[in-house]
Amino acid sequence: MKKFILVMLLFMFSIISFGNENQFMKEIFERRGLNGTFVVYDLKNDKIDYYNLDRANERFYPASSFKIFNTLIGLENGIVKNVDEMFYYYDGSKVFLDSWAKDSNLRYAIKVSQVPAYKKLARELGKERMQEGLNKLNYGNKEIGSEIDKFWLEGPLKISAMEQVKLLNLLSQSKLPFKLENQEQVKDITILEKKDDFILHGKTGWATDNIVVPIGWFVGWIETSDNIYSFAINLDISDSKFLPKREEVVREYFKNINVIK
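So for the sequence shown, this note's numbering puts the first residue at 26; every next one is plus one.
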């Protein structure tokens, strides 16, 4: 029954009329000289705003944006009891960021995008359970390949911005075919900002390996008192100094439509 409901929800989302490209989004990208795409789904009005529809349907490596769903699959399979259980223990080896050089739980690991912790989670899940999770979500091309702890960073897993938004829309409402308590935990640890009039959930990612042009992601959703806006942006980003542009574009758009201040 749950599987049927998911299929129907995805089908309903897929037949929404896309209409014309959002002109303010286009202005942002052109003014900032950016190459990429941006998709926003307005749940209350059943409306999609987008920039660059062709790219919105093009699949790319999800990089660390996959941590949202890696977390969900890990919880669903009982790899950890909850997001606060310590499961990763730093072994003293060299790491890319100082924030990764410590023991952690999923609440901490997702906040600092701790790659070694999520690689451990994926190895403990194993290919069979990870594949089951990807199939259950209908996540992008659903391909793992031969490396269980690299497939979201270096491929072959790929997903489009449009597909990200479909999944995030369902997760934001706890309507994925996973236990409610696990979806609620993921929603809790993806909160980036909480104000009186909105809550911003999100996760960034930067795909740099085994790819011609590095891709920067920012995906998530914004909850207001009466609506949910699910979003996904990806940009060509060859230098880390430009990574803040992902969130800057998203915030500029939502300020323009008076969702955030």
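We put the beta carbon where it would ideally sit given N, CA and C, even for glycine.
Beta strand (DSSP E) segment containing residue i, residue limits
i, result
"D261", "I253 to D261"
"A279", "Note on identity: in this sequence residue 279 is Phe, with Ala being the wrong assignment. Run containing F279: none in the beta strand (DSSP E); it sits in the alpha helix (DSSP H), K270 to N281."
"D74", "K72 to Y76"
C-beta contact flag for residue i and residue j at 7 Å
i, j, result
"I173", "K152", "yes"
"N102", "R154", "yes"
"G19", "A88", "Because the chain spans 26 through 286 in this model, residue 19 falls outside it and cannot be assessed."
"N281", "A186", "no"
"T249", "F279", "no"
"S199", "L205", "yes"
"S255", "Y75", "no"
"K167", "L178", "no"
"L201", "L193", "no"
Chain-order list of residues whose beta-carbon lies under 6 Å from that of residue i (same chain, five-residue window excluded)
i, result
"F176", "I169, G170 and L182"
"F112", "V105"
"A81", "T62, V64, Y75, A186 and M187"
Span of the alpha helix (DSSP H) around residue i
i, result
"E209", "L205 to I214"
"I53", "Q48 to R57"
Same chain only: Cβ atoms within 8 Å of residue i, ignoring 5 sequence neighbours per side
i, result
"S265", "W231"
"I262", "W231, P239, I240, G241, L268, K270 and R271"
Proximal residues to residue i (C-beta, below 7 Å), its chain only, five neighbours per side dropped
i, result
"E277", "I53"
"F203", "L97 and E101"
"L150", "I98, G99, N102 and I104"
Segment contact flag, the region 89 to 105 with the region 206 to 226, C-beta cutoff 8 Å, min 3 pairs: Three or more Cβ pairs drawn from the region 89 to 105 and the region 206 to 226 lie within less than 8 Å of each other, which places the two stretches in contact.
Every unbroken alpha helix (DSSP H) within the region 174 to 202, with a cutoff of 4 residues, ordered by chain: Listed in chain order, the alpha helix (DSSP H) elements of length 4 or more contained wholly in the region 174 to 202 are 176 to 179 and 186 to 197.
At least three beta-carbon pairs within less than 8 Å, the region 270 to 279 to the region 57 to 73: Taking a cut-off of 8 Å on C-beta distances, the region 270 to 279 touches the region 57 to 73, as three or more cross pairs fall below it.
The region 137 to 149 / the region 116 to 127 touching (three or more Cβ pairs under 8 Å): Because the criterion of three Cβ pairs below 8 Å is met, the region 137 to 149 and the region 116 to 127 touch.
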